[in-house]
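Residues 1 to 871 in the UniProt record's numbering are what the sequence shown lists, from first letter to last. C-beta: ideal position from N, C-alpha, C; glycine also. Fair warning: this is a prediction, and the values are worked out from it, not measured in the lab. In what follows, a structure is listed as structure tokens, so that the remarks can point back to it.
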Amino acid sequence: MRTETPAPIRLTDYRPPAFLVDEVHLDFDLKPEATRVKARLTLRRNGETGAPLRLDGERLKTLSVAVDGRALAAGEFTEEAHSLTIPGVPDAFVLETEVEINPAANKALEGLYMSGGRFCTQCEAEGFRTITWYPDRPDVLARFTVRMTADDSWPRLLSNGNLVETGRGTDGRRYAVWNDPFPKPCYLFALVAGELDELADSFVTASGRKVELKVFVDPGMSARAAYAMDALKRSMRWDEEAFGREYDLDLFMIVAVRDFNFGAMENKGLNIFNSSLLLADPETATDLDYERIESVVAHEYFHNWTGNRITCRDWFQLCLKEGLTVFRDQAFSADMRGEAVQRIKDVKALRARQFAEDQGPLAHPVRPSSYLKIDNFYTATIYEKGAEVIRMLKALIGAQAFRKGMDLYFERWDGHATTVEAFIACFAEVSGRDLSAFFAWYEQAGTPRVRLASRWTPETGELEITLTQRTPATPGQADKRALPVPVRLGLLDAEGRTLAFELDGEAADETLVVLEGEETRVTLTGVTSRPVVSALRGFSAPVELSSDARPGDRYVQLAGDADLFNRWEAGQEVARDLILARAGGAPDEVGEERFAEAMGRALNDQASEPAFKALLLALPTESDLAVASPPADPAAIHAARQALRLRLAVHLEDTLKRLHLGLQDGGEFSPDAASAGRRALRNAALEALAARPGAEVTALAEGHYRAASNMTDAMGGLNALMLLGGGAFTSALEDFRARWKDEPLVMDKWFALQARDPSPDALDKVAALTAHPDFDARVPNRLRALVATFASANPARFHAEDGSGYRFLADQILAVDRFNPMTAARLVEPLGSWRRYRPDLGARMKAELERIAAAPDLSRNVVELVSRALE
Ligand code: 0A1
Ligand code: ZN
């Protein structure tokens with residue numbers, strides 16, 4: 001490999017900061033190509049005397065440095081590529097620096113950059129150091145005052161906290177001064193300047209304070225911010241009710257920007273959002289967009305307490321804010337949209353992303369112990385598994401103790417930067433439990449494999465359940481400990497009805513068994529008929545469960561499990577086994593018919609909601625199936641899944657057509673969960689019918705597309721036409737583009753749909769689309785829509801036998817790494833899993849990783865991921 005692997009940063013190397021900052025005054029003279037930043041820091045020594053002051057900085061043109069008002073000569077400080085060191089400073093002093101930066105040239109979208117002609121910032125994790133010299137670490141909390149000056153092209157001047165003053169300077173340019181009274185780490189600093197429309201509203205907190213709410217968007221777009229505003233108000237109320245947390249400033253602002261590497265950012269009082277997660281109206285946004293907007297608005301808002309008021313001591317503690325905040329946004333979404341459906345969606349995402357991560361070269365614990373580039377650690381493990389760990393904690397100690405522990409955490413750590421240990425200690429304290437074994441969930445990577453065996457004795461009515469566990473080795477962690485695993489379980493009789501039992505003399509319908517150590521055994525009594533065990537209800541732990549259930553048991557669960565998660569899970573497992581059997585050359589035709597029968601009954605069940613049925617009808621994705629069958633053969637999986645889809649289309653034709661016709665929505669569009677659920681089922685029925693091409697279904701899909709009065713249905717129609725292929729699809733695509741060519745967010749959907757097209761010439765088309773006038777790799781949304789969607793959601797074509805899909809992705813990574821390392825690095829994952837594929841494919845994937853590794857001048861971001869994938 002040409003690029004030397006840089007030395008990692010380790011958790012054990014943590015040392016408290018040598019200097020603290022009490023006050024920061026920033027003065028921005030905003031010009032796209034040459035912004036001047038003056039910084040005045042009030043610093044104070046923290047510990048050991050005599051240490052020099054060392055500040056972080058990158059790509060800064062230093063103009064001056066002064067200590068206590070005295071300008072330093074060149075020899076009095078040392079400037080290196082990433083640091084500025086000043087020896088012999090007093091114990092308390094004021095440092096003034098002035099630098100020049102070039103936001104217009106910043107295509108990495110980190111620090112201060114331009115998006116759509118506006119200035120905006122992204123400082124998490126280490127972007128602040130590209131704005132000014134500073135101790136850029138989360139445990140330095142300071143009060144910020146920000147002044148900015150700009151020409152009239154940038155009329156709105158926004159930063160964190162409260163607006164103190166606005167006006168025009170002697171030169172006639174506008175200025176604004178903002179002050180944030182809450183000490184914060186610099187990663188929460190934000191600045192936005194430009195022409196923006198605002199949608200304004202207000203919220204009265206539980207204690208009666210009025211908070212101004214403002215959402216800023218591109219001129220003319222404020223109507224599209226209405227749903228985000230509504231979601232914000234519901235989030236604010238929910239956090240008061242569920243966690244007793246009130247908002248603290250008098251103003252809360254959100255800004256939407258088009259160019260953004262991630263989803264959104266929780267800057268204090270001034271959240272910045274990727275516009276794809278903020279703007280919505282029925283014509284341009286799908287129900288999935290609405291759902292994600294609701295959850296991300298909540299997520300960023302909830303960070304105000306979990307992340308901002310209480311922040312992380314160092315970046316190893318990232319899950320302290322992210323896992324906890326995902327846990328909170330998932331609970332919010334469950335309250336808004338229904339618990340079971342939300343849980344199924346969350347678990348699907350967890351398995352698709354986090355379980356896959358655990359099986360690959362990048363497997364890492366929820367709290368990692370080393371990294372090269374922290375940007376690479378905004379992972380499903382930190383976020384989603386981090387949330388699962390908290391969910392288990394709540395299950396183990398109970399809802400009441402959990403809430404008490406949270407209260408204690410907020411009380412004890414408000415205004416501080418802290419650790420995961422300190423967080424868990426709060427729950428140990430209030431519950432009186434020893435949580436030291438539980439802590440291993442944070443330190444150990446990998447998905448535990450849990451096995452359940454049961455033995456029922458008809459004569460005594462006893463059911464003995466034995467749970468065992470084993471966690472496979474992950475890179476760098478060969479030996480695994482046993483973890484406490486909460487397993488919620490209940491019993492069903494042969495008809496799928498709940499079967500009551502007794503545990504320790506108490507009657508119960510359901511219980512929580514905690515698997516501790518390698519093996520745990522419990523005996524349920526009073527079990528009067530042969531039971532079907534419904535285990536890991538609600539997916540009570542992030543593990544892979546296998547059991548000695550008989551083949552028919554899953555059908556019993558699919559028909560009637562009182563736990564809807566397990567009812568859905570049973571269907572998925574049957575489908576998975578059938579597809580993998582066929583992919584392995586041993587199709588079970590009888591089983592497939594039986595499954596189609598059972599699916600038909602479930603779809604006709606009047607008692608269950610449409611949203612649930614839509615989830616039931618969706619077969620496991622090709623990626624899920626690949627994870628479940630290493631070494632995976634994507635072509636065989638694709639063909640076998642198609643075969644099962646075809647069988648369902650034939651067998652369920654009448655039911656599917658009836659659903660499609662019956663769920664037609666005549667009235668006003670509403671984004672609420674029940675209406676979205678009906679649309680989801682109707683579109684799922686159409687997709688299922690599209691498994692059997694023919695003139696009739698093509699006409700149905702065309703009619704669906706043309707009659708659509710909202711984007712969910714338009715995309716549903718287009719998706720079915722894409723699966724059917726042919727001229728109808730081509731003309732619908734044309735029609736769609738003609739209609740939406742001036743709407744970037746909608747055009748992202750147009751690109752993404754074509755990237756998912758499984759037809760044989762898809763890669764040629766995708767490659768041709770990179771030269772389309774509407775394609776721009778510098779816009780992360782567009783790049784992800786085309787390239788990331790192709791690599792992650794079109795396995796049949798990405799894994800083309802000749803390696804052309806891999807080559808295409810590697811070329812894109814190399815090109816994007818030149819200007820946006822963070823986004824380039826996020827494209828590496830689909831190649832990184834090469835060990836899980838058929839050896840000949842794996843070898844081709846590996847060869848592309850090696851080609852990337854050999855390229856000159858790679859970013860640290862890409863070096864870290866590629867070299868770990870090749871280790
Ligand atoms: N903290 C944000 C996610 C985020 C992380 C890094 C970013 O840029 C490098 C941007 C956003 C969240 O959890 O929403
Ligand atoms: Zn977050």
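Handout entry: Supposed contact pair PHE775 and ARG784 - C-beta distance, whole angstroms, cut 8 angstroms
Key = Not confirmed; about 12 angstroms, so no contact.
Practice task
Using the Cα positions of ARG209 and ILE424, report the straight-line distance between them to the nearest angstrom.
Solution key: ARG209 and ILE424 have their C-alpha atoms some 32 angstroms from each other.
Practice task
Please determine, among ARG851, LEU827, GLU871, the residue with the shortest C-alpha to C-alpha distance to ASN376.
Solution key: That would be LEU827, whose Cα lies nearest to the Cα of ASN376.
Handout entry: CB of CYS319 within 8 angstroms of CB of ILE382, strictly
Key = For CYS319 and ILE382, yes; Cβs fall inside 8 angstroms.
Practice task
Give a yes or no on contact between the stretch 82-95 and the stretch 141-161, applying the rule of three or more CB pairs nearer than 8 angstroms.
Solution key: Touching, no.
Handout entry: Cutoff 6 angstroms; reference ASP216; Cβ partners in own chain excluding five residues on either side
Key = Per the sequence presented here, residue 216 reads as Phe, with Asp not at that position. Closer than 6 angstroms at the Cβ level, and outside the excluded window around PHE216, lie LEU196, GLU198, VAL255.
Practice task
Out of ASP346, VAL430, VAL389, LEU452, point me to the one whose CA is closest to VAL366's CA.
Solution key: Closest by alpha carbon: VAL389.
Practice task
Name the residue from PHE501, SER529, THR528 whose alpha carbon lies nearest to the alpha carbon of VAL522.
Solution key: Each of PHE501, SER529, THR528 was checked against the Cα of VAL522, and the nearest Cα belongs to PHE501.
Practice task
Tell me where the beta strand (DSSP E) around GLU96 begins and ends.
Solution key: 92-101 is the extent of the beta strand (DSSP E) around GLU96.
Problem - Segment limits, alpha helix (DSSP H) that includes GLN557 - result: 553-560 is the span of the alpha helix (DSSP H), which, as asked, contains GLN557.
Exercise for the section: With a 10 Å radius around its C-beta and 16 neighbouring C-beta atoms as the bar for buried, classify ARG2 as buried or exposed. Expected result: A caution first: ARG2 carries a pLDDT of 43, below 50, which makes its placement in the model too unreliable to give a value.
Handout entry: Distance between beta carbons of PRO542 and LYS385, contact taken as under 8 angstroms
Key = With 8 angstroms as the limit, LYS385 and PRO542 qualify as a contact, their Cβ atoms being about 6 angstroms apart.
Problem - Candidates ASN271, LEU279, SER275, GLU283, of which the one nearest HIS299 by Cα - result: Nearest option by C-alpha distance: ASN271.
Handout entry: For LEU733, the nearest candidate out of LEU723, LEU718, PHE427 (CA to CA)
Key = The shortest CA-to-CA distance from LEU733 to any of LEU723, LEU718, PHE427 is the one to LEU718.
Handout entry: CA nearest to the CA of ALA690, picked from MET392, HIS704, GLY446
Key = Out of MET392, HIS704, GLY446, the CA that lies nearest to the CA of ALA690 is found in HIS704.
Problem - Inter-residue Cα distance where the pair is GLU443 and LEU483 - result: The alpha-carbon atoms of GLU443 and LEU483 are separated by roughly 11 angstroms.
Problem - Cβ-based burial, PRO856 [other Cβ within 10 Å; buried from 16] - result: PRO856 comes out exposed.
Problem - Closest residue to LEU858 among GLN330, LEU841, ALA825 (Cα-Cα distance) - result: Looking at the Cα atoms, ALA825 is the closest of the given residues.
Practice task
Please state if the CB of LEU452 and the CB of LEU463 are separated by a distance shorter than 8 angstroms.
Solution key: Using a Cβ distance threshold of 8 angstroms, LEU463 and LEU452 do not count as a contacting pair.
Practice task
Would you identify the three-state DSSP class for TYR442, choosing helix, strand or coil?
Solution key: In this structure, TYR442 counts as helix in the three-state DSSP scheme.
Problem - Own chain partners of GLU609 with C-beta closer than 8 angstroms, once the 5 adjacent residues on each side are dropped - result: Within the same chain, GLU609 has close Cβ partners GLY338, VAL341, ALA674, GLY677.
Practice task
Could you name each continuous alpha helix (DSSP H) segment of 4 residues or more that falls completely within the stretch 690-737, going from the start of the chain to the end?
Solution key: Listed in chain order, the complete alpha helix (DSSP H) runs (minimum 4 residues) inside the stretch 690-737 are 695-707, 711-724.
Exercise for the section: Tell me, please, whether the stretch 492-512 touches the stretch 524-544 by the rule of three or more beta-carbon pairs shorter than 8 angstroms. Expected result: With the cut-off at 8 angstroms, the stretch 492-512 and the stretch 524-544 touch.
Handout entry: Distance cut-off 7 angstroms: ASN25 Cβ against heavy atoms of the ligand 0A1
Key = Asn is not the amino acid found at residue 25; the sequence shown has His there. The answer is no for HIS25.
Exercise for the section: Note down, in chain order, each residue of its chain lying with its Cβ closer than 7 angstroms to the Cβ of PHE203, except the 5 sequence neighbours on either side. Expected result: Closer than 7 angstroms at the Cβ level, and outside the excluded window around PHE203, lie VAL211, LEU213, LYS233, MET236.
Exercise for the section: Identify whether GLY476 lies in helix, strand or coil by the three-state DSSP scheme. Expected result: If DSSP states are grouped into helix, strand and coil, GLY476 belongs with coil.
Exercise for the section: Leaving out five residues on either side along the sequence, give the residues of the same chain with a beta carbon under 7 angstroms from the beta carbon of LEU578. Expected result: So the list reads ASP588, GLY591, GLU592, PHE595, LEU644, once near-sequence residues are dropped.
Practice task
May I have the straight-line CA-CA distance separating ASP56 from TYR134, to the nearest angstrom?
Solution key: For ASP56 and TYR134, the distance between alpha carbons rounds to 5 angstroms.
Handout entry: Contact test: GLU126 Cβ vs the ligand ZN heavy atom, cutoff 7 angstroms
Key = No, the beta carbon of GLU126 sits no closer than 7 angstroms to any heavy atom of the ligand ZN.
Problem - THR419 versus MET221 - alpha carbon distance - result: Rounded to the nearest whole angstrom, the CA to CA distance from THR419 to MET221 is 41 angstroms.
Practice task
Identify which residue in MET599, ASN820, LEU663 has its Cα closest to the Cα of LEU619.
Solution key: When the alpha-carbon of LEU619 is set against those of MET599, ASN820, LEU663, the nearest one is in MET599.
Handout entry: Beta-carbon contacts of THR447 that lie in its chain and below 6 angstroms, excluding the five residues immediately before and after
Key = Once the five neighbours on either side are set aside, the close Cβ partners of THR447 are PHE355, ASP358, GLU544.
Exercise for the section: Would you kindly report the start and end of the unbroken beta strand (DSSP E) that includes GLU510? Expected result: Element bounds for GLU510: 510-515.
Problem - Residues of its chain near PRO103, where Cβ-Cβ distance is below 7 angstroms and the 5 sequence neighbours each way are ignored - result: So the qualifying residues of the chain are PRO32, THR35, LEU112, TYR113, MET114, PHE119.
Handout entry: Residues bridged to MET265 [DSSP beta-bridge criterion]
Key = Beta-bridge pairing by DSSP links MET265 to ILE272.
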